Amino acid sequence: MTDPLGAEALDQIFRKARTYNGYRDASVSEEQLTAIWDLMKMGPTSANSLPARLVWCTSQAAKDALADCASEANAVKIRKAPVAVIIGMDLEFYEELPRLFPHADARSWFVGKPKMIADTAFRNSSLQGAYLIIAARALGLDTGPMSGFDADKVDAEFFAGTSHKANFIATLGYGDRDTIFDRSPRPDFTEFNSIR
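Number 26 in numbering that gives the first Met the number 0 belongs to position 27 of the sequence shown; there are no gaps in the numbering.
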């Protein structure tokens with residue numbers, strides 16, 4: 000059994016971490032993006048399906064193209080961030096299962112079952128997006144996950160000709176504390192939980 004993380008690590012990943020609307024003028028390297036992936040890929044997904052497909056927008060041209068698919072407020076955040084990432088999902092993720100989950104014929108669980116495919120891709124790419132946020136925070140970066148975009152436009156611009164679809168977007172960098180609001184309420188355990 001492993002020991003619990005210390006208070007400092009828990010603060011960095013959860014308690015003091017925030018969703019940022021803007022970032023300091025500091026670049027994020029490709030090595031840092033690779034390090035995020037190398038951590039987030041270790042998080043559990045159904046049958047190791049790993050359906051997330053990421054597009055890291057690091058050039059201004061890519062960020063501008065993504066911003067053109069987003070709401071006005073989110074477009075500003077995307078254009079100014081050091082990095083924006085599209086967390087997509089592959090609706091043909093099951094084709095990778097013979098390699099990713101060789102313990103069983105997991106591919107056959109999905110073939111010809113579009114609802115199961117869509118549900119599994121969405122649920123598990125969402126999990127992977129959460130792992131991305133945790134990995135980035137663990138590595139000293141901040142994020143600004145968001146909805147507020149036209150998924151069809153994102154798919155046409157970034158995933159054309161593929162079986163990939165957008166799930167959500169996040170910005171990434173070193174957060175500027177002047178761009179965040181006071182922490183919103185977080186209810187106590189007894190309000191939103193039950194034990195049976």
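Glycine included, each C-beta is placed from N, C-alpha and C at the ideal position.
Predicted model, so just to flag it, every value in this text is computed and none were measured.
Shown here for residue 39: same chain residues with a beta carbon closer than 7 angstroms to its own, the five before and five after excluded, namely 127, 130, 131, 134 in chain order. Residue state for residue 116 is assigned as helix, using DSSP reduced to three classes.
Judged by pairs of C-beta atoms under 8 angstroms, the region 0-14 does not touch the region 66-81, as fewer than three such pairs exist. Separation of residue 139 and residue 173 (C-alpha to C-alpha, rounded to the nearest whole angstrom) is 8 angstroms. Per the C-alpha coordinates, the member of 3, 47, 165, 99 positioned closest to residue 146 is 165. Comparing C-alpha distances from residue 28 to each of 190, 81, 148, 120 shows the shortest one belongs to 81.
In this model, residue 97 and residue 105 are separated by some 7 angstroms (Cα to Cα). Taken in chain order, the complete beta strand (DSSP E) segments of 3 residues or longer contained in the region 81-158 are 82-89, 141-145. Looking at the backbone, the Cα of residue 95 and that of residue 142 are separated by about 29 angstroms.
If you draw a straight line from the Cα of residue 124 to the Cα of residue 151, it comes to about 17 angstroms. Under DSSP, no beta-bridge partner is assigned to residue 27. In the DSSP assignment, residue 188 falls within the alpha helix (DSSP H) that extends over 188-191.
Counting the other CB atoms within 10 Å of its CB gives residue 114 a total below 16, which places it among the exposed residues. When DSSP states are grouped into helix, strand and coil, residue 180 belongs to the coil group.
For the set 75, 47, 86, the Cα lying nearest the Cα of residue 100 is the one of 47.
Residue 171: member of the beta strand (DSSP E) spanning 163-172, first to last residue. Exclusion of the five residues before and after residue 78 leaves 59, 62, 63, 66 as the residues of its chain whose Cβ lies within less than 8 angstroms of its Cβ. Taking a cut-off of 8 angstroms for Cβ pairs, the region 0-7 and the region 149-163 do not touch, as fewer than three such pairs fall below it.
Assigned with DSSP and collapsed to three states, residue 57 falls in coil, not helix or strand.
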